[in-house]
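Undergrad:
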Amino acid sequence: MELSIINIGNSKGIRLSKTILEKYSINDKVELILEKGYIILKPKTEPRKNWEKAFKKMHANGDDQLLMNDLFEEWSK
Numbered sequence: 000m001e002l003s004i005i006n007i008g009n010s011k012g013i014r015l016s017k018t019i020l021e022k023y024s025i026n027d028k029v030e031l032i033l034e035k036g037y038i039i040l041k042p043k044t045e046p047r048k049n050w051e052k053a054f055k056k057m058h059a060n061g062d063d064q065l066l067m068n069d070l071f072e073e074w075s076k
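Start counting the sequence shown at 0; every next residue gets the next number (numbering that gives the first Met the number 0).
1) May I have a chain-ordered list of the alpha helix (DSSP H) segments no shorter than 4 residues that lie completely inside the stretch 15 to 67?
2) Tell me the DSSP secondary structure of G8 in three-state form.
3) May I have the straight-line CA-CA distance separating L31 from K52, to the nearest angstrom?
4) Between the stretch 41 to 52 and the stretch 19 to 31, are three or more C-beta pairs nearer than 8 angstroms?
5) Nearest to S16 by CA position, among D62, L65, G8 and E1, is which residue?
Spelled out as structure tokens, the structure:
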């Protein structure tokens with residue numbers, strides 16, 4: 000796929016189509032990787048986003064209890 004370099008203020012950039020953005024789940028940010036003569040764009044993900052809020056809710060509901068005993072507990076005696 001060939002893309003044109005466009006002017007964006009005092010900088011230059013590329014424009015990605017809506018189809019590409021949707022196909023690769025690109026929202027607000029991408030990760031730029033420079034590797035062996037290539038420029039790679041990857042969707043920026045935050046896999047642990049909002050975990051703290053979810054853990055607080057679990058604790059409030061009492062859902063943060065261990066489901067099984069610690070396997071190493073008996074070895075520490």
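Quick reminder that beta carbons are idealized off the backbone N, C-alpha and C, glycines included. Values in this document were obtained by computation on a predicted structure and should not be read as measured data.
TA: In this structure, then:
1) 17 to 22 and 50 to 60
2) coil
3) 29 angstroms
4) yes
5) E1
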